[in-house]
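Novice: I am attaching a structure below and will ask some questions about it afterwards.
Chains as they are written, first to last, in this note's numbering: chain A, 1 to 381; chain B, 382 to 662.
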C-alpha cells in the first residue's frame with residue numbers, strides 16, 4: 001500500500017546514511033521505531049551523519065515529530081550529526097519550535113518519588129502522621145468555634161442553618177425508610193430461621209427490637225448520612241475552596257469554622273437523633289412484617305413481646321451513639337472539604353475521603369462506646 | 382473615612398509597605414527579599430510573567446498566606462505580627478476582587494453584598510437594602526439583586542464581585558487579574574471603572590495583572606517580578622519603565638516581545654493621551 005509509512009535506509013558514503021521516508025507518517029499508522037532504524041544501520045560501525053530524503057513522504061503529524069525528537073536525542077547521545085535539510089519545511093519549523101525553549105532545570109525541588117516497599121511504607125506513615133495533626137488542629141478549631149456558638153457569638157446565617165437542617169433531615173427520610181425497613185426484615189429473617197429450630201419464633205421481636213434500638217438503627221442511619229450528607233458537605237466546601245469563596249469569606253472577616261462548619265455540625269447533630277429513632281421504628285415494622293408473613297406471629301403478639309422486652313435505655317443508648325456518629329460524620333465532611341486542593345479532581349478526592357473517614361470514625365467510635373456501655377452495665381435488669 | 386482625611390494622611394505613612402518579604406511553598410522559594418511601598422491614591426501594578434508569584438504576593442498582602450520571612454505593613458501596622466482581631470480589622474479596610482470573582486454561590490447578589498454590611502456595620506436592614514442597590518448600580522448591575530452568581534455572565538460576576546469588594550467602602554482595593562476571562566471591551570470598561578473609583582473615592586488600587594493595556598493605561602506605579610531572579614527587577618511608573626529600562630526581559634514584556642527601536646518606544650510613552658481619553662467616561 002502506498003500510504004503505509006516506509007523507511008528505506010541506504011548508504012550514501014561510508015559514514016553517511018540517507019533515510020528515505022515514504023507514505024503517510026501519521027497517528028494510527030504503524031511507524032517504525034527509532035531503535036529499529038538504528039538496528040538496520042548496525043552493519044556499519046562508522047556512522048557520523050544522517051540525511052533525509054522525503055520525496056515520497058505524503059503526510060505527517062505530531063507522531064512523526066515525536067519520532068524525529070526521539071531520533072534527535074539518540075543522535076545526540078551517539079554523537080551523530082542529523083542533517084534536517086531534507087525534511088519538509090513545516091517539520092523543520094515545528095522542530096525548531098520544540099527546541100526553542102530548553103527544558104527548565106530549576107522548576108524547584110520536585111523530587112522524583114523513590115520507589116520501593118520501605119519508601120512506600122515510610123511515605124504512607126508520614127501521610128498518616130500529617131493527617132492526624134490536621135485532624136487534631138481541626139478538632140481544636142471546631143471546639144473553639146463551638147464554644148463561641150454556645151455563648152451565642154458564632155457568626156453564621158440563620159437561613160443557612162435552616163436549609164442545612166432541611167437537607168440533612170426531612171430530605172433523607174425516603175432512603176432511611178427503605179434501608180431501615182429492609183434491615184429490619186433481614187434481621188428478622190436470619191434470626192427466625194434459627195429460632196424456629198427450637199420453636200422460639202416469638203423471640204424474633206426481641207432480636208429485631210434490641211438489634212435495631214441498640215445498634216443497627218444508629219449504625220445504618222450514620223452510614224447513610226456519611227454517604228449522603230458528609231459527602232455533600234465535602235463537595236460543597238471543596239468547590240467553595242476551588243472557587244476562592246473560602247478566601248473571600250476570610251478576607252471579609254468571617255471565620256469559615258464559624259460560618260460554614262458550625263451550622264453543618266449543628267444541623268446534623270439536631271436531625272440525626274430523630275432520624276435514628278425513625279429508623280429504629282421502621283426496622284421493627286420490617287421485622288413485624290416478616291414475622292407475620294412467614295412465621296405466623298401476629299402484629300399484636302409482636303408488639304406485646306417488644307413492649308415487654310425493650311426499655312427506654314435501649315433506645316437512649318442507640319440515639320446517643322447516633323448523635324456522636326452524626327457529629328463525627330459532619331466533622332469528617334467539613335474537614336475534607338476545607339482541606340481540598342484547588343482542582344476538580346481534588347474535590348472528588350475530598351468527597352471520597354470524607355465518606356471513608358466518616359465511616360472509619362463511625363466504626364471506631366462505635367467500638368469504644370459499645371465497650372463503655374458494656375462495662376457500665378447499662379443494660380442490666 | 383472621608384476623602385479629605387485620607388488626603389491629609391497622605392504624607393504620613395505609605396498605605397502598604399513590604400519589607401524583605403520572602404515567599405515560598407514548602408521549600409520552593411517563589412520570590413525573595415521583596416521591599417516596596419504603595420502610596421495612597423496610587424494605581425499600583427504588580428506585574429510579571431506567568432508563574433512568577435504575582436498572585437502569591439497578593440495573598441501575602443491580604444492576609445491569606447503567611448510569609449516565610451519579612452513583614453507587610455498596612456497603614457504602619459504589621460499585618461502578620463498583629464493579633465488575629467487586629468488583623469481582621471485591617472482586612473475589613475481592604476476590598477478584594479478575586480480572579481474568579483469568588484461570589485458566594487449559594488447566595489443571591491443581594492445576600493453576597495449585604496453579608497459584610499450586616500455583619501460589620503450597624504446599618505438597619507432598610508439602609509442595607511439601599512446600599513446594595515447603590516453598589517450594584519455603581520457597577521452597572523441595578524436590578525440584579527435576586528440573581529444567583531451562576532445565573533449571570535462571567536463579566537457580570539466580576540462586576541458583582543467588585544460591588545461586594547466595595548461594600549464596606551474600603552480604603553484600598555486589591556484586584557487579582559481583573560481582565561482575565563473578559564472580552565477586550567469588558568476589560569476596558571472594568572479598567573475605566575477602577576480609575577473612576579480611584580478618582581472619586583481616593584481609594585488606593587493594587588492590581589495584579591499581565592494585561593499590557595491595563596498596565597500602561599491605568600498604572601501609576603508598579604513592581605516587576607522576575608521568575609529567574611526571584612525578586613523585583615523593575616520599579617516605578619510602567620510608562621517610565623517602558624521608556625527607560627535597560628533590561629531586555631522587562632522591555633520584552635512591556636512590548637509584548639516585539640523588537641522595537643528605543644526612539645519609537647519613547648514616542649509611544651511620551652504620548653499618554655490615549656490613556657487619558659479612555660478614562661474620562
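Idealized CB from N, CA, C, for every residue including glycine.
Just so we're clear, the structure is a prediction, and the values are computed from it rather than from any experiment.
Just by C-beta distance, which residues in the stretch 546–566 of chain B are closer than 7 Å to chain A?
Specialist: Correct list: empty, as no residue qualifies.
Novice: Is it right to say residue 382 of chain A is buried, meaning 16 or more other beta carbons lie within 10 angstroms of its own, or is it exposed?
Specialist: Any answer about residue 382 of chain A is impossible in this case: the structure gives chain A only from 1 up to 381.
Novice: Which term fits residue 130 of chain A, buried or exposed, when burial requires 16 or more other beta carbons within 10 angstroms of its beta carbon?
Specialist: Residue numbering aside, residue 130 of chain A sits at position 130 when the first chain is read from its first letter. Exposed, by the Cβ-count rule.
Novice: Determine whether the beta carbon atoms of residue 203 of chain A and residue 195 of chain A lie at a separation below 8 Å.
Specialist: The count along the first chain starts at 1 and reaches residue 203 of chain A at position 203. The count along the first chain starts at 1 and reaches residue 195 of chain A at position 195. Cβ distance < 8 Å, so residue 203 of chain A and residue 195 of chain A count as in contact.
Novice: Across which residues does DSSP place residue 22 of chain A in a beta bridge pair?
Specialist: On the first chain, position 22 is the one that residue 22 of chain A refers to. In the DSSP output, where bridge partners are listed per residue, residue 22 of chain A has A:6 and A:56.
Novice: Can you name, in chain order, every residue of its own chain whose Cβ lies under 8 Å from the Cβ of residue 403 of chain B, other than the five neighbours on each side?
Specialist: For the purposes of this step, residue 403 of chain B is identified with residue 22 of the second chain, where counting begins at 1. Excluding residues within five positions, the ones whose Cβ falls inside 8 Å are 410, 412, 413, 414, 415, 448, 449, 450 and 451.
Novice: Just the chain B side, please: which residues come within less than 8 Å of residue 245 of chain A by C-beta, in chain order?
Specialist: In the first chain, counting from the first residue as 1, residue 245 of chain A sits at position 245. Within chain B, the residues near residue 245 of chain A are 483, 484, 485 and 486.
Novice: For residue 185 of chain A and residue 286 of chain A, which I take to be in contact (beta-carbon distance under 8 Å), what is that distance rounded to the nearest angstrom?
Specialist: Reading the first chain from its first residue, position 185 is the one you call residue 185 of chain A. Reading the first chain from its first residue, position 286 is the one you call residue 286 of chain A. Going by Cβ atoms, the distance from residue 185 of chain A to residue 286 of chain A rounds to 4 Å, so yes, they are a contact pair.
Novice: Determine the extent of the alpha helix (DSSP H) in which residue 579 of chain B is found, giving its start and end residues.
Specialist: Along the second chain, one-based indexing puts residue 579 of chain B at 198. From DSSP, the alpha helix (DSSP H) with residue 579 of chain B extends over 565–582.
Novice: Let's test the definition: count the other Cβ atoms within 10 Å of the Cβ of residue 328 of chain A and tell me whether it reaches 16, buried, or not, exposed.
Specialist: Within the first chain, residue 328 of chain A is the residue found at index 328, counting from 1. By the 10 Å Cβ count, residue 328 of chain A comes out buried.
Novice: Does the beta carbon of residue 1 of chain A come closer than 8 Å to any beta carbon on chain B?
Specialist: As a first step, residue 1 of chain A must be located in the first chain, where it is residue number 1. For residue 1 of chain A, the pLDDT reaches just 49, beneath the cut-off of 50, and the residue's location in the model is therefore unreliable, although a value from the coordinates is still provided. Not closer than 8 Å to any Cβ of chain B, the Cβ of residue 1 of chain A fails to qualify, so no.
Novice: In three-state terms, what does DSSP make of residue 428 of chain B?
Specialist: If you number the second chain from 1, residue 428 of chain B lands on position 47. In the structure shown, residue 428 of chain B sits in a strand (DSSP, three-state: E or B).
Novice: Have a look at the DSSP bridge pairing and note the partners of residue 454 of chain B.
Specialist: Taking the second chain and counting its residues from 1, one reaches residue 454 of chain B at position 73. Beta-bridge pairing links residue 454 of chain B to B:398 and B:459.
Novice: How would you list, in chain order, the residues of chain A whose beta-carbon sits under 7 Å from the beta-carbon of residue 529 of chain B?
Specialist: Taking the first residue of the second chain as position 1, residue 529 of chain B is located at position 148. What residue 529 of chain B touches in chain A: nothing, since even the nearest Cβ is about 13 Å away.
Novice: Can you pull the chain B residues whose beta carbon is under 8 Å from the beta carbon of residue 251 of chain A, in chain order?
Specialist: Your numbering for residue 251 of chain A matches position 251 in the first chain. Per Cβ cutoff of 8 Å: 443, 444, 445, 472, 475 and 477.
Novice: Give the secondary structure of residue 412 of chain B by DSSP, where H, G and I count as helix, E and B as strand, and everything else as coil.
Specialist: Within the second chain, residue 412 of chain B is the residue found at index 31, counting from 1. In the structure shown, residue 412 of chain B sits in a strand (DSSP, three-state: E or B).
Novice: Between the Cα of residue 241 of chain A and those of A:3, A:60 and A:348, spot the shortest distance and give me the residue it belongs to.
Specialist: Here residue 241 of chain A refers to the residue found at position 241 when the first chain is read from its first residue. Considering only alpha carbons, the answer is A:348.
Novice: In three-state DSSP terms, what is residue 526 of chain B?
Specialist: Translated into the one-based positions of the second chain, residue 526 of chain B becomes position 145. Reduced to three states, the DSSP call for residue 526 of chain B is coil.
Novice: Please work out which residues of its chain come closer than 7 Å, Cβ to Cβ, to residue 213 of chain A, disregarding the five sequence neighbours upstream and downstream, and give them in chain order.
Specialist: As a first step, residue 213 of chain A must be located in the first chain, where it is residue number 213. Within the same chain, residue 213 of chain A has close Cβ partners 280, 310, 314, 315 and 318.
Novice: Check whether the Cβ atoms of residue 59 of chain A and residue 25 of chain A sit closer than 8 Å, and answer yes or no.
Specialist: On the first chain, residue 59 of chain A is found 59 positions in, with the first residue counted as 1. On the first chain, residue 25 of chain A is found 25 positions in, with the first residue counted as 1. Contact flag set, yes.
Novice: Threshold first: 4 residues or longer. Then list the alpha helix (DSSP H) segments lying entirely within the stretch 174–221 of chain A, N to C.
Specialist: Within the stretch 174–221 of chain A, the complete alpha helix (DSSP H) runs of at least 4 residues are 204–210.
Novice: Residue 659 of chain B by DSSP, collapsed to three states: which one?
Specialist: Your numbering for residue 659 of chain B matches position 278 in the second chain. With a pLDDT of 39 at residue 659 of chain B, under the threshold of 50, the predicted position of this residue should be treated as unreliable, though the coordinate-derived value follows. Helix.
Novice: Determine the burial state of residue 334 of chain A: buried for a count of at least 16 other Cβ atoms within 10 Å of its Cβ, exposed for fewer.
Specialist: Translated into the one-based positions of the first chain, residue 334 of chain A becomes position 334. Answer is buried; the Cβ neighbour count reaches 16.
Novice: List the residues of chain B that residue 228 of chain A touches, going by C-beta distances under 7 Å, in chain order.
Specialist: As a working mapping, residue 228 of chain A is identified with position 228 in the first chain. Within chain B, no residue comes near residue 228 of chain A; the closest Cβ sits about 18 Å away, beyond 7 Å.
Novice: Should residue 382 of chain B be flagged as near chain A, meaning a C-beta pair shorter than 8 Å?
Specialist: Within the second chain, residue 382 of chain B is the residue found at index 1, counting from 1. At residue 382 of chain B, the pLDDT of 47 sits below 50, so the modelled position is not reliable; the number obtained from the coordinates is stated separately. By this cut-off, residue 382 of chain B is not an interface position.
Novice: What does DSSP give as the partner residue(s) for residue 418 of chain B in the beta ladder?
Specialist: In the second chain, residue 418 of chain B corresponds to position 37, counting from 1. Paired residue(s): B:398.
Novice: Which of the three DSSP states is assigned to residue 14 of chain A in this structure?
Specialist: Locating residue 14 of chain A in the first chain gives position 14, where the first residue counts as 1. Three-state DSSP puts residue 14 of chain A in coil, outside helix and strand.
Novice: Is residue 585 of chain B closer than 8 Å to residue 457 of chain B when the C-beta atoms are compared?
Specialist: Working through the second chain from its first residue, we reach residue 457 of chain B at position 76. Working through the second chain from its first residue, we reach residue 585 of chain B at position 204. Their beta carbons are not under 8 Å apart, which means residue 457 of chain B does not touch residue 585 of chain B by this criterion.
Novice: Would you say residue 213 of chain A reaches chain B, if we count a Cβ-Cβ gap shorter than 8 Å as a contact?
Specialist: What you label residue 213 of chain A is simply residue 213 of the first chain in a count that begins at 1. No, because no Cβ of chain B sits closer than 8 Å to the Cβ of residue 213 of chain A.
Novice: Report the rounded CA-to-CA distance for residue 591 of chain B versus residue 101 of chain A, giving the unit in angstroms.
Specialist: Along the second chain, one-based indexing puts residue 591 of chain B at 210. Along the first chain, one-based indexing puts residue 101 of chain A at 101. Taking the straight line joining both Cα atoms gives about 21 Å.
Novice: Can you tell me whether residue 545 of chain B is buried or exposed, with buried defined as 16 or more other CB within 10 angstroms of its CB?
Specialist: For the purposes of this step, residue 545 of chain B is taken as residue 164 along the second chain, with counting starting at 1. When all chains shown are included, residue 545 of chain B counts as buried.
Novice: Give me whichever residues DSSP pairs with residue 557 of chain B in a beta bridge.
Specialist: The sequence position of residue 557 of chain B within the second chain is 176, counting from 1. Per DSSP, B:589.
Novice: Does the stretch 166–186 of chain A come close enough to the stretch 244–259 of chain A to have 3 or more Cβ pairs within less than 8 Å?
Specialist: In short, these stretches do not touch, since the Cβ pair count stays below three.
Novice: Would you kindly work out how many angstroms separate the C-alpha atoms of residue 476 of chain B and residue 566 of chain B, rounded to a whole number?
Specialist: Looking up residue 476 of chain B in the second chain gives position 95. Looking up residue 566 of chain B in the second chain gives position 185. Approximately 24 Å between the Cα atoms of the pair.
Novice: Any idea which residues DSSP pairs residue 605 of chain B with across the strands?
Specialist: Walking along the second chain from the start, residue 605 of chain B turns up at place 224. Answer by DSSP bridge pairing, in chain order: B:428 and B:615.
Novice: Given a cut-off of 8 Å, decide if residue 478 of chain B and residue 471 of chain B are closer than it, judged by their beta-carbon atoms.
Specialist: As a working note, residue 471 of chain B is residue 90 in the second chain. As a working note, residue 478 of chain B is residue 97 in the second chain. Contact: no.
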